[in-house]
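So the structure is just underneath, and the comments pick up after that.
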Amino acid sequence: MKDEINAKVRALLGEAETVSVDALADDSDLYDAGLTSFATVQLMLALEDTFNIEFPESLLNRRTFSSIGTITSRVQELLMQKVV
Amino acid sequence: MDAQPSLLDELLRHGLLFDTGVDGLYGRAGIFEEVISGIETMVVRIGHVDRPEVIRFPPGMNRAHFEASGYLKSFPHLAGTVHCFCGDEAAHGSLLADLEKGRDWTGGQKASDIVITPAACYPLYPIVAKRGPLAAGGGLFDLSSYCFRHEPSTDPTRMQLFRMREYVRVGSPEQVVDFRSEWMERGKTLIDKLRLPYVVDVANDPFFGRGGKIIANSQRELGLKFELLIPVSSQANPTACLSFNYHQDHFGKLWGITQADGDVAHTGCVGFGLERLAIALFRHHGFDTTQWPAGVRAELGLT
Chain B
1 MKDEINAKVR ALLGEAETVS VDALADDSDL YDAGLTSFAT VQLMLALEDT FNIEFPESLL
61 NRRTFSSIGT ITSRVQELLM QKVV
Chain S
85 MDAQPSLLDE LLRHGLLFDT GVDGLYGRAG IFEEVISGIE TMVVRIGHVD RPEVIRFPPG
145 MNRAHFEASG YLKSFPHLAG TVHCFCGDEA AHGSLLADLE KGRDWTGGQK ASDIVITPAA
205 CYPLYPIVAK RGPLAAGGGL FDLSSYCFRH EPSTDPTRMQ LFRMREYVRV GSPEQVVDFR
265 SEWMERGKTL IDKLRLPYVV DVANDPFFGR GGKIIANSQR ELGLKFELLI PVSSQANPTA
325 CLSFNYHQDH FGKLWGITQA DGDVAHTGCV GFGLERLAIA LFRHHGFDTT QWPAGVRAEL
385 GLT
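Chains B and S, in that order, are what the protein sequence lines are. When we follow our numbering, the leftmost residue of the first sequence carries the number 1, and every step to the right adds one. When we follow our numbering, the leftmost residue of the second sequence carries the number 85, and every step to the right adds one.
This is the structure we're talking about:
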């Protein structure tokens, strides 16, 4: 499941024109790689759409979207909560 | 303080503001304007040593520049656009008929090329960009404008049309950060002279929607915005009367403003909410300026 999420996150991130995804490791800092605040918002909305989840207010911060790894983990947690 | 009679009622009762029937839209009395002028004079007394370039804009800006500024991404809920009648005589007839019958007559209004200025510095950036690369020392501008934000409220410190005075610094990151630190100290000194209580705290702009929460949190985490807050309408929620903003390269990138060496310029500004400061003075020193402490009157040049 995690790999699938990771691949989708990378695909969505690739649509944010400021970041080139291929060169990024899962723990690379996305803000250092050029992710802007506005692109983060677009990414958040796209993730919610794709995975049919809603990020709670406590996760609407820079940390949540700081790397492909953190995004993947948060999305996975939200999907697990839905199942329960 | 919160339980006392409404501050707005008091300001109206003492003839300092005039009701127009719209929340957040008020006339100002002569003495209110004298206080505003006094505050501006104090600000200039501090700021003129840096020899800023003074530019004044009317309270409207080019709609194309407004659209390019990204304001609608962040604050669609606060924007005010100017719409006008552009129809023929038949359309005029319909308009009058709708008006007469109390129906909505605004449907045929068309957007003009003007948007009400949302912040004093918004019309500046395209002008700076058009001049080409900055000089080595960067740029410094003294701006003031009536600004519009659509947030009707009976809190007189949250007006829909209000004056914002700004100094805007354009240059290297170091130049902008130094400018902001300097003005945070100068701002505190100014408010000390006015004998008002305050705190300075990290802040965020009211970005729209859930997505806006990310931007707002990010702004706070990075310490991009500080406010000097004075208890005015409420002790618990003090009012931001000055703000100290570091935009990083946001406007530089957006408008293509470059430093002398070709790097993208950074920008920052200090903003003074003039009506808020005036109302803070009336709140703390009383509604009759002749009774204000002599030192405060002298600073403001009230005779």
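Every residue, glycine too, gets a C-beta built ideally from N, C-alpha and C.
Residue burial classification, residue i (beta-carbon count within 10 angstroms, cutoff 16)
| i | result |
| --- | --- |
| GLY191 of chain S | exposed |
| MET145 of chain S | buried |
| SER318 of chain S | exposed |
| MET1 of chain B | exposed |
| PHE310 of chain S | buried |
| THR52 of chain B | In the sequence under discussion, the amino acid at residue 52 of chain B is Asn, which differs from the Thr named in the question. Flag for ASN52 of chain B reads exposed. |
| LEU183 of chain S | exposed |
| ALA378 of chain S | exposed |
| MET80 of chain B | exposed |
| THR201 of chain S | buried |
| THR273 of chain S | exposed |
| ARG360 of chain S | buried |
Span of the alpha helix (DSSP H) around residue i
| i | result |
| --- | --- |
| ASN6 of chain B | 2-15 |
| HIS369 of chain S | 358-369 |
| HIS334 of chain S | 334-339 |
| LYS272 of chain S | 257-277 |
| THR165 of chain S | Premise fails: THR165 of chain S lies in the beta strand (DSSP E), 165-168, not in any alpha helix (DSSP H). |
| LEU308 of chain S | Taken as a continuous stretch (DSSP letters only), LEU308 of chain S belongs to no alpha helix (DSSP H), as it is neither H nor E. |
| GLU383 of chain S | 378-384 |
| LYS194 of chain S | Element bounds for LYS194 of chain S: not the alpha helix (DSSP H) but the beta strand (DSSP E), 194-200. |
| LEU227 of chain S | Not the alpha helix (DSSP H): LEU227 of chain S falls in the beta strand (DSSP E), residues 223-232. |
| GLU54 of chain B | Run containing GLU54 of chain B: none; DSSP gives neither H nor E here. |
| ARG97 of chain S | 91-97 |
| ARG74 of chain B | 68-83 |
Closer than 8 Å to chain B by CB, residue i
| i | result |
| --- | --- |
| ASN301 of chain S | yes |
| LYS194 of chain S | no |
| ASP124 of chain S | The sequence shown places Glu at residue 124 of chain S, not Asp. No, because no Cβ of chain B sits closer than 8 Å to the Cβ of GLU124 of chain S. |
| GLU137 of chain S | no |
| GLU305 of chain S | yes |
| ASP86 of chain S | Confidence is the limiting factor: at ASP86 of chain S the pLDDT is only 49, short of 50, which leaves the residue's position unreliable, though a coordinate-based value still follows. No, no contact with chain B. |
| GLN332 of chain S | no |
Within-8 Å CB hit, residue i to chain S
| i | result |
| --- | --- |
| GLU57 of chain B | yes |
Span of the beta strand (DSSP E) around residue i
| i | result |
| --- | --- |
| ASN146 of chain S | 144-146 |
| ARG242 of chain S | ARG242 of chain S -> no beta strand (DSSP E), and no H or E assigned at all. |
| VAL348 of chain S | Where VAL348 of chain S is concerned, there is no enclosing beta strand (DSSP E), given that its DSSP letter is neither H nor E. |
Contact test: residue i Cβ vs the ligand NAD heavy atom, cutoff 7 Å
| i | result |
| --- | --- |
| ASP172 of chain S | For the ligand NAD, the structure offers nothing, since it holds no ligand at all. |
Quick one: which residues of the region 283-297 of chain S get their C-beta closer than 7 Å to a C-beta of chain B? List them in chain order. Residues of the region 283-297 of chain S whose Cβ lies closer than 7 Å to any Cβ of chain B, in chain order: ARG294, GLY295, LYS297.
Residues within the region 30-61 of chain B neighbouring chain S, beta-carbon criterion of under 7 Å: For the region 30-61 of chain B, residues whose beta-carbon sits nearer than 7 Å to a beta-carbon of chain S comprise SER37, PHE38, THR40, VAL41, MET44, LEU45, GLU57, LEU60, ASN61.
On the three-pair Cβ rule with 8 Å, is the region 287-302 of chain S touching the region 51-70 of chain B? Yes: at least three Cβ pairs fall under 8 Å.
Touching by the beta-carbon criterion (3+ pairs, under 8 Å), the region 229-239 of chain S and the region 172-185 of chain S: Segment contact: the region 229-239 of chain S against the region 172-185 of chain S, fewer than three CB-CB distances shorter than 8 Å; contact not assigned.
Does the region 120-137 of chain S come into contact with the region 192-207 of chain S, if we say contact requires no fewer than three beta-carbon pairs (one atom in each stretch) closer than 8 Å? Using a C-beta cut-off of 8 Å, the region 120-137 of chain S makes no contact with the region 192-207 of chain S, since fewer than three inter-stretch Cβ pairs fall below that distance.
May I ask you to list, following chain order, the residues of the region 151-180 of chain S that have a beta carbon less than 7 Å from some beta carbon of chain B? The region 151-180 of chain S vs chain B, Cβ under 7 Å: LYS157.
Given 8 Å, three or more beta-carbon pairs between the region 255-274 of chain S and the region 23-32 of chain B: The answer is no - the region 23-32 of chain B does not touch the region 255-274 of chain S, with fewer than three Cβ pairs under 8 Å.
Meets three-Cβ-pair contact criterion under 8 Å: the region 369-377 of chain S and the region 335-344 of chain S: Contact between the region 369-377 of chain S and the region 335-344 of chain S is absent, with fewer than three C-beta pairs closer than 8 Å.
Hey, is the region 246-254 of chain S in contact with the region 354-365 of chain S, meaning 3+ C-beta pairs nearer than 8 Å? Note that the region 246-254 of chain S touches the region 354-365 of chain S; at least 3 beta-carbon pairs, one per stretch, sit closer than 8 Å.
Touching by the beta-carbon criterion (3+ pairs, under 8 Å), the region 166-177 of chain S and the region 218-227 of chain S: With a cut-off of 8 Å, the region 218-227 of chain S and the region 166-177 of chain S do not count as touching, because too few Cβ pairs lie within range.
Please determine if the region 60-73 of chain B and the region 3-19 of chain B are in contact, where contact requires at least 3 C-beta pairs separated by less than 8 Å. Touching, yes.
Between the region 110-122 of chain S and the region 207-214 of chain S, do three or more beta carbon pairs fall short of 8 Å? Three or more Cβ pairs closer than 8 Å define a contact, and the region 110-122 of chain S falls short of that threshold against the region 207-214 of chain S.
May I ask you to verify whether the region 272-289 of chain S touches the region 300-307 of chain S, counting CB pairs closer than 8 Å and requiring at least 3? Because the criterion of three Cβ pairs below 8 Å is met, the region 272-289 of chain S and the region 300-307 of chain S touch.
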